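> Quick one: structure below, then a few questions.
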Amino acid sequence: MSPDALVRQHADLVYRVALRVTGTADDAADAAQDALVKVWRGISNVEASRHRAWCARVARNAALDLLRRRSVRPAPGRAEAIAEPEASDLLPDDAAEAGDLRVELARAVGSLDEPYRSILVLREIEGLAYAEIADALDLPLNTLKVYLHRARRRCRAALLASAPELVP
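Okay, here's the thing in structure tokens:
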């Protein structure tokens, strides 16, 4: 597959990872653009089975680099960083509660430090396998599992502190 086709195939993943790290659409677009240039230049040197994980890693690093250059911490309260609003058949009260949960979840995830935030996002939101995440973040598999457990625990604690009525 050509580098152009591979970049097109993974562009959405790159943007979503950048969005979840930076917290804003503008910063995510900038970071994704930088990442996609790096992906285009280097993807032919990466084993085909590792393309997805490698692209996620490049996107995360580009987003963190952008934040470092700007000396900005990711925006913790951005609901768009967790999920886009979805049309559903929910009743109005249920839809409002789901929206509240989405906002509080975005804050909780945004409050996590790296690498916990990236690990949680890559596993729970992007659906990457443990091995892909470990490869993308250059972590041993067991360390990744420990970090993911801690990330989930810290995220739950943050949710309980800010909105206990939304946590089952």
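First residue of the sequence shown: 3, per my numbering; consecutive thereafter. Where is the CB? At the ideal position from N, CA and C, for every residue including glycine. All of these numbers come straight from a predicted model, not from anything done at the bench.
1) For the pair the region 129-139 and the region 51-60, tell me if three or more CB-CB distances fall below 8 angstroms.
2) For residue 151, count neighbouring C-beta atoms within 10 Å of its own C-beta (all shown protein chains included) and say buried if the count is 16 or more, exposed if not.
3) Taking C-beta to C-beta, are residue 119 and residue 111 nearer than 8 angstroms?
4) Starting from residue 69, trace the alpha helix (DSSP H) both ways and give me its first and last residue.
5) Look up residue 106 in the DSSP assignment and say whether it is helix, strand or coil.
6) I need the boundaries of the alpha helix (DSSP H) containing residue 44, first residue and last residue.
7) Give the secondary structure of residue 170 by DSSP, where H, G and I count as helix, E and B as strand, and everything else as coil.
8) Would you mind sorting residue 59 into buried or exposed? The rule is 16 or more other CB atoms within 10 Å of its CB.
9) At the level of alpha carbons, what is the spacing between residue 27 and residue 168?
10) Alpha carbon to alpha carbon, how far is residue 81 from residue 102?
11) Nearest to residue 69 by CA position, among 13, 12, 128 and 31, is which residue?
12) What residue from 45, 46 and 40 has the CA that sits closest to residue 63's CA?
Straight from the coordinates:
1) yes
2) exposed
3) yes
4) 53-72
5) helix
6) 27-44
7) coil
8) buried
9) 26 angstroms
10) Low per-residue confidence applies at residue 81: pLDDT is 39, beneath 50, and the placement is therefore not dependable, though the value from the model is reported in the following sentence. Spanning the two alpha carbons is a distance of roughly 9 angstroms.
11) 31
12) 40
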